[in-house]
Amino acid sequence: MALNLTQKIIQAHLASGEMKAGQPIALKMDQTLTQDATGTMAYLQFEALGVPRVRTELSVSYVDHNTLQEDFKNPDDHNFLRTIAAKYGLVFSRPGNGICHQVHLERFARPGRTLIGSDSHTPTAGGIGSLAIGAGGLDVAMCMAGNPFSLKMPKVVKVYLTGALPAWVTAKDVILEVLRRETVKGGVGCVYEYCGPGVETLTVPERATITNMGAELGATTSIFPSDSMTRQFLKAQDREDQWENLGPDEGATYDREIHLELDKLEPLAAAPHMPDVIVPVRDLEGKPVDQVAIGSCTNSSYVDMARVAMILRGRTVHPRLSLGIAPGSRQVLAMIAENGYLNDMIGAGARLLESACGPCIGQGFAPPTNGVSVRTFNRNFEGRSGTATAGIYLVSPEVAAVAAVEGKFTDPRTFGEYPKVTMPERFKIDDSMFIFPPEDGSKVEILRGPNIAPLPVKGELEPRLEGVALIKVGDNITTDHIMPAGKYLPLRSNVPEYAKHVFESIDKEFAARAKAKQGGFIIGGENYGQGSSREHAALCPMYLGVKAVIVKSFARIHLANLVNFGIVPLTFQNPADYDKIDLNDHLHIDVSDLSRPLVLDNRTKGIKIPVVHSLSGRDIEILKAGGQLSLAKKQAGA
Ligand code: MIC
Ligand code: SF4
């Protein structure tokens, strides 16, 4: 049977299940990655599994999120991560080496390999032809211990590209156009597989910009074929031996198809406060801009930076705004320094930020009150920047650089000649900021700072869940709403402290109320839990006693995280029943047999509401045990 590329890689890694869309499958994972903000938990969980060394082909621990170091917490976490990597056989990417997805693409991601990462933008590696999936830290820990990754067999959407991008139109505009058509929930349960003659016009970093932001579609992942362009990139990274020619079989079929004519695209922006609120930049023409930020795992490659530098060359950043630039990796930074591009940036008055996530996750460089911030990032959720009143616009580096010079939105096509930058034939390769693990790590002492709190565990699932509706939220609630990052990132290793901030931006009293009521229920709308992979959005509510989350629909990673931490995820059989529950209503449900039809009893209103779930047999087993870790320990004991 002719297979598409996604099916081919899945088939080669299938540990169990059948390749039928929607059916549970398990995949062998060749590589794992973590970053520091999700990594500390992931390694505590890995440690609890009692496995002496990682059982993957390659596992890398990056430090890129939590780098402000306002006190001992972040540097303590870094020491913990460095020592635990050495103990268990992981490569450690030191702070300063760059953003995990950019660095992984440069140095480790491989065509045809599977990768699981505790960060939702792990699909960046799809740009090189890797099947790369974002997940919660616990799922990554399980894979590091050699278990396969469980998921539902995705549908495969063919994205057929024709033509070539015109001047000033970029890979960012490709994915913004896909988001315009598909929306932030359109990709749930799907892999976006890019093909067609337009593919060969896109370089690997351009492809990676597209697959990176596939996360914003809610997709399982996105992938490009591995072709001569991929080979060139690998060669330039001194890894040509890792190249494989990979693509769909002749006559492969797909579940759905969309067609994009690259030559018809124009510069686009995602307007506040969702990545699918897409407007052409020409419609924003003249709108004053208060801040510009260039970087993030979406748009911080060498060519992105070089083009920005050429736009800035000989000019000065507009007096009304501040421009911050974070090159994606030390490789990129070193190369723009060598080629003089850094001088163009400094000369124009750009503020150089660390090669890290920085403002993308609200770690500094917040916009002013009511500010219009133009960013090359991938998420513009309300408040994520650190300024509740700011509006974030997501654009290409070119649109951002032009706005920085002009002080207002400007259609870059009116700015002048498009700067020509070619991909380097050879990147500057310097792996000295990776620490490779010793053969035998058993004697390594793990350093644990006082901010690293023990893992909270939940008991077995109670047969009957009872409590009040602790909060009722609308559609598209993000994990940034549930568990804010930014200034609270240093609390990632300390669940009891972090849990005090659950839902803070929506309802300041939530955490106190949940504790006082000894837990209860969360009621939500469509696409609940979209965005990041942070399992704290399940772990901290679990710590506060949340028993079940009842919504119209879930985002993939958050749904898995709820199961992993023993919170029962349910959906309304009839979405209109959402209206039949109000804040503080007293609810009751019998979950002693999750294979039977379930009825939620709203005792305050005297109404019975049918609810359903999409849990696999394995999910139910995990829930019953009180979470994945409890189940794993139980099984190990048995
Ligand atoms: C994000 O972009 O939201 C993050 C911060 O990278 C998260 C991970 C986290 O919350 O630590 C993600 O995308 O998964
Ligand atoms: Fe870091 Fe932002 Fe990318 Fe998340 S989206 S990994 S915070 S750069």
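First residue of the sequence shown? That's 1285 in the working numbering, and the numbers climb one at a time after it.
Note that CB positions come from ideal geometry on N, CA and C, so glycine has one too.
Just so we're clear, the structure is a prediction, and the values are computed from it rather than from any experiment.
task: Quickly, what does DSSP pair Phe1856 with across the bridge? List them, please.
output: Val1895
field: Own chain partners of Ala1650 with C-beta closer than 6 Å, once the 5 adjacent residues on each side are dropped
entry: Ser1669, Gly1670, Thr1671
Same chain, Cβ closer than 7 Å to Ser1404, five either side skipped, listed in chain order: Gly1418, Ala1499, Gly1815, Ser1816, Ser1817, Ile1841
query: Alpha carbon to alpha carbon, what distance is there between Arg1339 and Asn1431?
result: 9 Å
task: Drop a sphere of 10 angstroms on the beta-carbon of Val1779, count the other beta-carbons inside from all chains shown, and report buried for 16 or more, exposed for fewer.
output: buried
Quiz: which residues have CB nearer than 5 Å to ligand 1 non-hydrogen atoms: Ala1321, Thr1322, Asp1403, Ser1404, Ile1645, Ser1816, Ser1817, Arg1818
Best match in Phe1699, Arg1748, Ala1844, Met1558 for proximity to Gly1675 [C-alpha to C-alpha]: Met1558
task: Tell me the start and end of each unbroken beta strand (DSSP E) in the stretch 1400–1483 that is at least 3 residues and wholly inside, in chain order.
output: With a minimum length of 3 residues, the continuous beta strand (DSSP E) runs that stay inside the stretch 1400–1483 are 1415–1418, 1433–1436, 1439–1446, 1474–1479.
message: Run through the DSSP bridge pairs and tell me what Pro1564 is partnered with.
response: Leu1552
field: Residues sharing a beta bridge with Gln1647, DSSP
entry: None; Gln1647 has no bridge partner.
Nearest-angstrom Cα separation, counted from Met1594 out to Asp1628: Taking the Cα positions, Asp1628 is about 7 Å away from Met1594.
- request: Could you name the residues that DSSP lists as bridge partners for Gln1315?
  value: Leu1342, Leu1399
field: Arg1659 classed as buried or exposed, judged by whether at least 16 other C-beta atoms fall within 10 angstroms
entry: Result: buried.
message: As an exercise, report each continuous beta strand (DSSP E) stretch of at least 3 residues that is fully enclosed by the stretch 1690–1757, in chain order.
response: 1748–1756
task: Can you grab the Cα-Cα spacing for the pair Asp1361 / Thr1582, in whole Å?
output: If I take the Cα positions, the gap works out to 25 Å.
task: Would you decide whether Pro1747 is buried or exposed? Buried here means 16 or more other CB atoms lie within 10 Å of its CB.
output: exposed
task: Count the other CB atoms, across all protein chains shown, that sit within 10 Å of the CB of Leu1867; report buried if there are 16 or more and exposed otherwise.
output: exposed
query: Under three-state DSSP, which class holds Ser1613?
result: strand
- prompt: Ordered along the chain, which non-local residues of its own chain (more than five positions away) have a Cβ less than 7 Å from that of Leu1846?
  reply: Ala1822, Val1833, Pro1853
- request: Would you identify the three-state DSSP class for Phe1517, choosing helix, strand or coil?
  value: helix
field: Contact check, Val1752 vs Ala1688, beta carbons under 7 Å
entry: no
message: Taking the alpha-carbon of Lys1292 as reference, which of Leu1415, Pro1308, Pro1359 has the nearest alpha-carbon?
response: Leu1415
query: Any chance the CB of Asn1778 is under 6 Å from a heavy atom of ligand 2?
result: no
task: Consult DSSP for Leu1287 and reduce its assignment to one of helix, strand or coil.
output: If DSSP states are grouped into helix, strand and coil, Leu1287 belongs with coil.
field: Assigned exposure category for Ile1755 - 16 Cβ within 10 Å defines buried
entry: buried
query: In angstroms, rounded to a whole number, what distance separates the CA positions of Gly1850 and Ala1305?
result: 25 Å
message: Is the separation between the beta-carbon of Gly1648 and that of Gly1642 shorter than 7 Å?
response: yes
message: With a threshold of 8 Å, are at least 3 pairs of Cβ atoms found where one atom belongs to the stretch 1534–1548 and the other to the stretch 1439–1454?
response: yes
message: Mapping the DSSP letters down to three states, classify Asp1874 as helix, strand or coil.
response: strand
message: Are there any heavy atoms of ligand 2 lying less than 6 Å away from the beta-carbon of Ser1434, as far as the coordinates show?
response: no
field: Neighbourhood of Ala1618 by C-beta, 6 Å cutoff - its chain only, sequence neighbours within 5 removed
entry: Scanning its chain for C-beta atoms nearer than 6 Å, with the 5 sequence neighbours on each side dropped, one finds around Ala1618 the residues Lys1712, in chain order.
- request: Compute the distance between the beta-carbons of Thr1408 and Thr1351, then report whether it is under 7 Å.
  value: no
- prompt: Is DSSP giving Ile1368 helix, strand or coil here?
  reply: helix
message: Is Asn1358 close to ligand 2? I mean its beta-carbon at under 6 Å from any heavy atom of the ligand.
response: It does not: the Cβ of Asn1358 is nowhere closer than 6 Å to a heavy atom of ligand 2.
- prompt: Within this structure, are the beta carbons of Val1835 and Gly1808 separated by less than 7 Å?
  reply: yes
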